[in-house]
Every structure is written in structure tokens, then in C-alpha cells.
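In this note's numbering, the protein residues as written are 10 to 134.
1) Pull up the DSSP beta-bridge partners for residue 89, would you.
2) According to DSSP, is residue 28 helix, strand or coil?
3) Spatial neighbours of residue 40 within its chain, please: CB distance less than 7 angstroms, with the 5 preceding and 5 following residues excluded, ordered by chain position.
4) Name the one or two DSSP bridge partners that residue 42 has.
5) Ends of the alpha helix (DSSP H) at residue 69?
6) In chain order, what residues of the same chain have a beta carbon less than 7 angstroms from the beta carbon of residue 54, not counting five sequence neighbours either side?
7) Alpha carbon to alpha carbon, what distance is there between residue 21 and residue 75?
8) Residue 83 and residue 56: beta carbons closer than 8 angstroms?
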């Protein structure tokens with residue numbers, strides 16, 4: 010079995026800080042540089058700027074209350090394994106200045122609200 014990684018660019022060893030490398034080299038046997046590396050967003054979803062008039066339903070308010078209560082349990086430096094659904098949304102309410110290390114079996118890209126118009130980033134969608 011061989012794992013091949015297609016990359017945007019090839020750099021010298023040590024050019025990228027170790028904490029920014031997401032796949033250890035022991036899992037990759039071949040590296041190829043893609044010819045035309047195009048970053049596309051298949052289905053762009055944006056957050057509409059709030060006009061302050063939109064009302065939350067009773068169900069949405071209860072859901073948010075539960076999520077905020079779960080987020081209140083986060084302590085600085087915690088490692089948290091997030092479940093799918095409401096547990097994943099608790100990350101939106103981590104207190105400022107608190108560091109929480111998040112992990113999820115299904116990945117955590119797309120965590121948080123959708124970007125505002127002009128803030129979309131193909132690397133994060």
C-alpha cells in the first residue's frame with residue numbers, strides 16, 4: 010500500500026513549523042506537485058449580516074441555552090472530544106481568552122458560523 014499526497018508546493022525540510030504539519034511523513038510514501046492547483050468552493054454558504062429584527066423560535070432559544078451551558082464547562086487548557094450536532098456547536102461559545110483543544114472523529118473543518126460576504130476562504134470550507 011502506498012499513500013500519495015498531492016501538494017501545492019514542495020518546500021525544504023524545516024521550512025514549515027512542525028505544529029503546522031498535519032500528516033506525519035511516516036504515512037506518506039510519495040509526494041507530487043499538482044499542475045493546476047485550483048481552490049474551488051463547491052457550495053458557498055454565507056452568514057447574512059444581522060438586521061437585529063430576526064426572532065429566534067422557542068426551540069432555537071432552548072437549543073442555544075443548552076449549547077451555552079455545555080460551553081460553560083470548558084476550562085482553560087482542556088482537551089475536548091466533540092460529538093456531532095449540539096456538542097460541536099458549543100465551540101462557538103468558548104469564553105475569550107480560554108484555550109480549548111478540540112478534536113472530533115469526523116474532523117472539525119467548517120466549525121463555527123458561515124463567513125460573511127468577502128471573508129470566505131477555500132482552505133477552510
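Note that CB positions come from ideal geometry on N, CA and C, so glycine has one too.
Judging by the given coordinates:
1) Partner(s): 111.
2) Collapsing the DSSP output to three states places residue 28 in a helix.
3) So the qualifying residues of the chain are 14, 16, 19.
4) By DSSP's assignment, residue 42 forms a beta bridge with 16.
5) Run containing residue 69: 67-80, per the alpha helix (DSSP H) assignment.
6) Excluding sequence neighbours, residue 54 sits near 123.
7) Those two C-alpha atoms are separated by around 48 angstroms.
8) Not in contact: residue 83 and residue 56 (Cβ atoms no closer than 8 angstroms).
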